[in-house]
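Enquirer: Before I ask anything, here is the structure I am working with.
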Amino acid sequence: NFLSSSPVWGLTFYLQTFGSAATFVALIVCIWAVVNYVTKSEKLAYIVGFALLALLLVAFWLNAGSFEGLLPKIMTALSLFKRFNVFITGVFDLTGIAFYLSVIVFFLFLSVQSMEKRRYN
Numbered sequence: 073n074f075l076s077s078s079p080v081w082g083l084t085f086y087l088q089t090f091g092s093a094a095t096f097v098a099l100i101v102c103i104w105a106v107v108n109y110v111t112k113s114e115k116l117a118y119i120v121g122f123a124l125l126a127l128l129l130v131a132f133w134l135n136a137g138s139f140e141g142l143l144p145k146i147m148t149a150l151s152l153f154k155r156f157n158v159f160i161t162g163v164f165d166l167t168g169i170a171f172y173l174s175v176i177v178f179f180l181f182l183s184v185q186s187m188e189k190r191r192y193n
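Residue numbers (the working numbering): 73 to 193.
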């Protein structure tokens, strides 16, 4: 079959796989920055950053195919509208309620932290 032996399909696979891996590297850098800012300890931030990077590399080395399409799957799982559509159809879903409550608590936490920072500045 021409399509299965075409090098374009392999290139698409590698672009999607490396794109997801690059996104996770960017996420690790963000986590490193947050740990560095919150703890004021560069040593701890580097330990956490390198540990997460090593974990990512091991996971990538063991099964690179699992990274293909992983980012869209994660974004779909975190979608606010996907869970809302369940409520629109009339289904009472406890997982949706727990999801929305956790989102509310997370953003309330961020708001309180922002207000505390302004108060001390």
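By construction, the Cβ of each residue, glycine as well, lies at the ideal position given by its N, Cα and C atoms.
1. Let's test the definition: count the other Cβ atoms within 10 Å of the Cβ of S186 and tell me whether it reaches 16, buried, or not, exposed.
2. Could you spell out where the alpha helix (DSSP H) holding T148 opens and where it closes?
3. I'd like the span of the alpha helix (DSSP H) that includes N135, first residue to last.
4. Is S113 helix, strand or coil when you go by DSSP?
5. Report the three-state DSSP secondary structure of T161 (helix, strand or coil).
6. Buried or exposed: A94, going by 16 or more other Cβ atoms within 10 Å of its Cβ?
7. Spell out a yes or no on whether the segment 94-112 and the segment 149-164 are touching, meaning 3 or more CB-CB pairs, one atom from each, closer than 8 angstroms.
Expert: In this structure, then:
1. S186 should be labelled exposed.
2. 142-149
3. DSSP places N135 outside any alpha helix (DSSP H), giving it a letter other than H or E.
4. coil
5. DSSP places T161 in coil when its eight states are reduced to three.
6. exposed
7. no
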